[in-house]
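Just so you know, the protein sequences line up as chains S and A, in that order.
Those letters in the first sequence? Residues 0 to 311, by numbering that gives the first Met the number 0.
Those letters in the second sequence? Residues 0 to 401, by numbering that gives the first Met the number 0.
Following: one structure in C-alpha cells, then a few remarks.
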Amino acid sequence: MSFAVEVNHLKKSFGDFQAVQDANFFAASGEVLSLLGPNGAGKSTTISMLSGLLAPTSGDACIMGHSIIKEPEHAKASLGVVPQDIALYPDLSARENLVFWGKMYGLRGTVLKSRVDEVLEVIGLSDRQKDHVGKFSGGMKRRVNIGAALLHKPDVVIMDEPTVGIDPQSRRHILNNVKELNQLGMTVLYTTHYMEEAAELSHHIAIMDKGRIIAYGTHDELIKMVGEQTRIDLTLNTEAEKILSAWQKTEGVSKIDSADGKITALVDDSNRVLPRLFDAASKANVRITSVDIQEPNLETVFLHLTGRALRD
Amino acid sequence: MRIFDLALKDLSQMFRDKRSLLFLVVMPIVFTFFMGFAYKNVGGDPNVDNRLPLAVINPEPDAVLNKALVTRLESSDSIRIESMNEMDAMDTFHKGGVAGVLIIPSGFSDQVSAGNEAQLTLIADPTSASGQSLYQLLRVPISQLMSAVEISRETTDILGKADSSAEQSAAFDLAWDKWTQASKISLVKMEQAVAEESSDWTGGNPYNQSSPGILVQFAIFGLVTSAQILVQEKKTRTLQRLITTAMKPWEIVAGHMLAMFTVTFLQTAMLVVFGQWVLSVDYLREPIGVLLVAVTLGLWVSSMGLLIGVIAMDEQQVILYSMIAMFLFSAMGGTWFPLETTGGAFAAIGKVMPSTWAMTGLQNILIRGLGIESVWMAVGLLAAYALFFFVLAVWRFKKIEV
Numbered sequence: 000m001s002f003a004v005e006v007n008h009l010k011k012s013f014g015d016f017q018a019v020q021d022a023n024f025f026a027a028s029g030e031v032l033s034l035l036g037p038n039g040a041g042k043s044t045t046i047s048m049l050s051g052l053l054a055p056t057s058g059d060a061c062i063m064g065h066s067i068i069k070e071p072e073h074a075k076a077s078l079g080v081v082p083q084d085i086a087l088y089p090d091l092s093a094r095e096n097l098v099f100w101g102k103m104y105g106l107r108g109t110v111l112k113s114r115v116d117e118v119l120e121v122i123g124l125s126d127r128q129k130d131h132v133g134k135f136s137g138g139m140k141r142r143v144n145i146g147a148a149l150l151h152k153p154d155v156v157i158m159d160e161p162t163v164g165i166d167p168q169s170r171r172h173i174l175n176n177v178k179e180l181n182q183l184g185m186t187v188l189y190t191t192h193y194m195e196e197a198a199e200l201s202h203h204i205a206i207m208d209k210g211r212i213i214a215y216g217t218h219d220e221l222i223k224m225v226g227e228q229t230r231i232d233l234t235l236n237t238e239a240e241k242i243l244s245a246w247q248k249t250e251g252v253s254k255i256d257s258a259d260g261k262i263t264a265l266v267d268d269s270n271r272v273l274p275r276l277f278d279a280a281s282k283a284n285v286r287i288t289s290v291d292i293q294e295p296n297l298e299t300v301f302l303h304l305t306g307r308a309l310r311d
Numbered sequence: 000m001r002i003f004d005l006a007l008k009d010l011s012q013m014f015r016d017k018r019s020l021l022f023l024v025v026m027p028i029v030f031t032f033f034m035g036f037a038y039k040n041v042g043g044d045p046n047v048d049n050r051l052p053l054a055v056i057n058p059e060p061d062a063v064l065n066k067a068l069v070t071r072l073e074s075s076d077s078i079r080i081e082s083m084n085e086m087d088a089m090d091t092f093h094k095g096g097v098a099g100v101l102i103i104p105s106g107f108s109d110q111v112s113a114g115n116e117a118q119l120t121l122i123a124d125p126t127s128a129s130g131q132s133l134y135q136l137l138r139v140p141i142s143q144l145m146s147a148v149e150i151s152r153e154t155t156d157i158l159g160k161a162d163s164s165a166e167q168s169a170a171f172d173l174a175w176d177k178w179t180q181a182s183k184i185s186l187v188k189m190e191q192a193v194a195e196e197s198s199d200w201t202g203g204n205p206y207n208q209s210s211p212g213i214l215v216q217f218a219i220f221g222l223v224t225s226a227q228i229l230v231q232e233k234k235t236r237t238l239q240r241l242i243t244t245a246m247k248p249w250e251i252v253a254g255h256m257l258a259m260f261t262v263t264f265l266q267t268a269m270l271v272v273f274g275q276w277v278l279s280v281d282y283l284r285e286p287i288g289v290l291l292v293a294v295t296l297g298l299w300v301s302s303m304g305l306l307i308g309v310i311a312m313d314e315q316q317v318i319l320y321s322m323i324a325m326f327l328f329s330a331m332g333g334t335w336f337p338l339e340t341t342g343g344a345f346a347a348i349g350k351v352m353p354s355t356w357a358m359t360g361l362q363n364i365l366i367r368g369l370g371i372e373s374v375w376m377a378v379g380l381l382a383a384y385a386l387f388f389f390v391l392a393v394w395r396f397k398k399i400e401v
C-alpha cells in the first residue's frame with residue numbers, strides 16, 4: 000500500500016510545553032483520515048507542521064513521498080491546505096480570490112480559467128462569483144476557503160476544522176464536498192472535534208489527546224476497544240460531587256466523569272445498571288433530572304481512553 | 000512569474016483604496032507647494048548671491064598668470080571670489096564663511112612660465128557637496144590656463160627656430176596635444192579640511208530643495224504602506240495560506256517588495272514630472288541620474304518597509320516602527336532642511352542615512368549642477384542598503400511561525 004501521508008515521530012515544543020509528542024500515523028492514497036480530539040489536543044499543530052507553517056522540533060513526515068524537511072517545496076506542491084480561519088482577501092471577489100490562489104499554485108491561462116469555473120461550481124457559488132468575499136456569510140466564506148485549496152487538484156487536501164462556527168446547511172455542503180473530493184481520488188486529512196463528522200467521513204481515525212495519538216484505526220476497530228459498553232449522560236438537581244463517589248462504586252460502572260454539571264458514565268449493561276444509579280441517587284437524596292443513553296461511539300472511546308469526555 | 004502575480008494582486012488592492020490614492024498622489028503635491036513657499040519666504044531674496052564663496056590667497060596679484068586666473072574665476076557664475084590673507088581665509092573657512100580656500104604660491108606665475116612645476120592648493124571638505132563642487136569647478140579654468148601657457152611657450156620655441164608651414168603645422172599639432180595632456184594632469188591638490196557650511200544654496204529656486212525633499216520624504220512614508228502589506232496578510236491569514244503553497248520565502252518577500260517598489264517609483268515619477276513642469280525644478284537636466292536615484296530609493300524604502308512588516312506583530316507596531324524610521328530618515332536625511340544648515344554632529348550622523356544619499360544624489364543634479372558621475376555613490380549606497388534590508392527581511396521571514 001502506498002501512503003499519501005506518513006508521519007514519523009513528529010514532535011513540536013513551545014518552550015517547555017510539548018504540543019505534539021511523538022506522533023505517528025499514516026494515510027493511504029485515496030482515503031479520508033480524521034484527526035479527532037478536543038480543543039488543544041495538538042491537531043492543528045500537527046497539520047501546521049505538515050503544511051510547512053511550523054517547523055517540527057524533531058521527527059519528519061512525507062507528503063506523497065516528499066519529506067517536509069528535506070523537500071518542503073515538493074511536499075507543498077502536492078498539498079492543498081484549508082486553514083481553520085478564513086484565509087481570503089475580503090476586498091477581492093470570490094473569482095478574483097480563486098484566480099489569485101490558482102496562480103500561486105502555478106496555474107495559468109485557460110487551465111486556470113476552467114479550474115476556477117469548476118471550483119466555483121463545486122462550492123456552489125458560481126452565481127455569486129463577482130461579489131466581494133467580505134460581503135459573504137460565514138458559510139459561504141468557508142466554501143471559498145475550501146475551493147481555494149482545490150484549484151490545482153492536489154493529491155492531498157488538509158482540512159483544519161472546516162465546519163467550525165457555521166450554519167447546518169453550509170456544514171452539510173462542506174461534508175458532501177469532502178466526500179466528493181475523496182471520490183475523485185484525493186486523500187483528505189481532516190481534523191475535527193465533532194465525532195459524528197469523523198465517523199461519517201473517515202476510513203481511518205487517529206484520536207489525539209494532549210499532544211499524543213492515543214488510538215488509531217477504522218471506526219469499527221475503535222468502537223471495539225470499548226467492547227459493548229454503553230454511555231449514559233445524566234444531569235442532576237445538585238452538584239455532582241454528592242453522588243459521584245457512590246456511583247463510581249456501583250456494580251457495572253467502568254468509568255464515570257463529570258463536567259459542566261453533566262455526569263458521563265460508561266456501563267456494561269444500561270438496563271441493569273441504570274436502576275442501581277437511581278437507587279444510589281435516592282439514598283443520597285439527589286434527584287436525576289435527565290438521562291441520555293447512547294450506544295458505543297467515538298465519544299465513548301475517548302472517554303474510555305482518557306477518562307474524560309471529548310467535549311472537555 | 001508568481002512574484003509578479005503577487006505584486007499585481009497587491010497593486011490591485013492598493014489602487015482600489017481611495018485613501019491610499021489620496022495619500023500617494025494629492026498629499027505629496029500639496030506638501031511640495033507648502034515647503035516651497037516656506038523656503039521662498041526664508042531664503043528666497045533675489046539679491047542674495049548664491050555662488051559658492053571661495054577665499055583666494057594671492058600674494059602676487061599683479062603677476063600675469065595670477066591676474067589671469069583670478070579674473071577668470073571672478074567672471075564665474077558658480078564661484079564668488081573673496082581675496083584674503085592666509086590667516087583670515089582659514090578662519091573664515093572654519094567658520095563656514097567660505098566653501099574653500101585656494102592658495103596661489105609665491106612665484107607661481109614665473110615658475111609656470113619657465114616650465115617649472117608649481118602647484119595650486121585647494122583647502123576644502125572633500126566629503127561635502129560644496130567641497131566636491133569647488134574641486135570640479137576649479138579644474139577646468141586652471142587646466143585651460145596651464146595649457147595656454149604650454150602652447151605659448153612651445154609655439155615661441157618653434158617659431159624661434161624655423162618658419163616653414165610644415166613646422167608651423169607641427170607646432171599646432173603639438174599645441175593641441177598639450178591641451179589634451181593638460182586636462183589629464185591633476186594641477187590642483189585638494190587638502191582635507193572640515194568647515195561649517197552655512198550658506199543657503201538652493202540654486203535660486205526654492206523648490207530645488209522642497210521638491211526633492213518632499214519626493215524623498217513621501218517615499219519614506221511608503222514604509223507604512225510597505226509594512227502594512229505583510230501585516231494585513233498576517234491579519235487575514237492569507238500569509239498562512241501563501242506559506243503553504245510551493246512559493247519560497249524569498250519569492251513571497253520579493254513579490255510584496257515589487258508591488259511596493261512600483262508604488263514608490265510611480266509616486267516619485269509623478270513628483271518629478273510635477274517638479275519639472277510646474278515648479279521649474281530641472282530634473283530632466285540629468286534624467287538618467289534622477290532615474291537611478293528614484294529606482295534605488297524605491298528599492299531601499301520597499302525592502303525596509305517589508306522588514307518592518309516581518310518584525311511587527313500588528314498594525315500598532317507597524318505605525319510605531321514606521322514613525323520612528325520616518326522621522327529619523329526624513330529629519331536626518333536632509334529632506335526637511337539642507338544638512339549644510341545644520342550642526343556638524345547632525346550632519347555627520349545624517350551621512351549614514353540612506354535618505355541623505357537620496358537627497359545628495361538629487362541635490363548634486365538640481366542645486367550643484369553636477370553630472371551623472373555625482374550620483375554613482377548615492378545610487379550604490381542606496382542599492383546596498385536595499386539589498387541588506389531585503390536579505391534581512393527574508394531571513395526574518397523564514398523564522399515566522401503562523
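Ideal placement from N, C-alpha and C gives every residue a C-beta, glycine not left out.
Val81 of chain S, DSSP secondary structure in three states: strand
Could you name the residues of the same chain whose beta carbon sits closer than 7 Å to that of Pro71 of chain S, not counting the 5 residues immediately before and after it, in chain order? Gly51
Touching by the beta-carbon criterion (3+ pairs, under 8 Å), the segment 39 to 53 of chain S and the segment 8 to 26 of chain S: yes
Cβ of Gln239 of chain A less than 9 Å from any chain S Cβ? yes
CB contact check: Ala6 of chain A to chain S, cutoff 9 Å: no
Beta carbon proximity, Gln362 of chain A to chain S, threshold 9 Å: no
Can you give me the Cβ contacts of Pro161 of chain S inside the same chain, cut-off strictly under 7 Å, excluding the 5 residues immediately before and after it? Val81, Arg141, Ile145 and Ile173
Short check: CB of Ser210 of chain A to CB of Leu305 of chain A, under 9 Å? no
From Ser225 of chain A to Leu381 of chain A, what distance separates their C-alpha atoms? 17 Å
So with Cβ pairs under 9 Å, would you call Ile173 of chain S a contact of chain A? no
In three-state terms, what does DSSP make of Ala54 of chain A? strand
Assign Glu81 of chain A to one of three DSSP states: helix, strand, or coil. strand
Kindly identify the DSSP beta-bridge partner or partners of Lys382 of chain S. Outside the modelled stretch of chain S, which goes from 0 to 311, sits residue 382 of chain S, for which no answer is possible.
For Met158 of chain S, report the span of its beta strand (DSSP E) as first-last. Val155 to Asp159
Through-space distance from Gln231 of chain A to Ala245 of chain S, alpha-carbon basis: 56 Å
Per DSSP, what kind of secondary structure is Leu235 of chain S in: helix, strand or coil? strand
Answer yes or no: do Met224 of chain S and Gly216 of chain S have a C-beta to C-beta separation smaller than 9 Å? yes
Amino acids of chain S, ordered along the chain, whose beta-carbon sits closer than 7 Å to that of Ile228 of chain A: Per Cβ cutoff of 7 Å: no residues; Ile228 of chain A is ~12 Å from chain S at best.
So, with DSSP's three-state summary, where would you put Met185 of chain S? coil
Pop quiz: Met83 of chain A and Ala54 of chain A are said to be a contact at Cβ under 8 Å. What is the actual Cβ separation, rounded to whole angstroms? 5 Å
Can you find a CB in chain S that lies within less than 9 Å of the CB of Arg284 of chain A? no
Through-space distance from Gly368 of chain A to Leu68 of chain A, alpha-carbon basis: 22 Å
Do we get a CB-CB distance below 9 Å when we pair Tyr189 of chain S with the residues of chain A? no
Is DSSP giving Asp21 of chain S helix, strand or coil here? strand
Please classify Phe135 of chain S as buried or exposed, where buried requires at least 16 neighbouring CB atoms within 10 angstroms. buried
Nearest candidate by alpha-carbon position, reference Glu240 of chain S, set S:Arg230, S:Asp232, S:Thr249 and S:Asp256: S:Asp256
If the cut is a Cβ gap below 8 Å, which residues of chain S does Arg18 of chain A touch? Chain S residues near Arg18 of chain A: none, gap ~13 Å exceeds 8 Å.
Taking only beta-carbon atoms, is Gln402 of chain A less than 9 Å away from chain S? Residue coverage of chain A in this structure runs from 0 to 401, which leaves residue 402 of chain A outside it and unanswerable.
Out of curiosity, what's the CA-to-CA distance linking Thr244 of chain A and Leu238 of chain A? 10 Å
Using a cut-off of 8 Å between C-beta atoms, extract the partners of Arg1 of chain A located in chain S. Lys102, Met103 and Gly105
Residues in the segment 231 to 265 of chain A having any Cβ partner in chain S nearer than 7 Å: Thr235, Arg236, Thr237, Gln239, Arg240, Leu241, Ile242, Thr243, Thr244, Ala245, Met246 and Lys247
Check for me: the alpha helix (DSSP H) holding Ser301 of chain A runs from which residue to which? Pro286 to Ile310
Which same chain residues, not among the five before or five after Ala268 of chain A, have their C-beta less than 8 Å away from its C-beta? Ala293
Residues near Val29 of chain A by beta carbon distance below 6 Å, same chain, minus five either side: none
Out of S:Ala258, S:Glu250, S:Asp259 and S:Ala279, point me to the one whose CA is closest to Val266 of chain S's CA. S:Glu250
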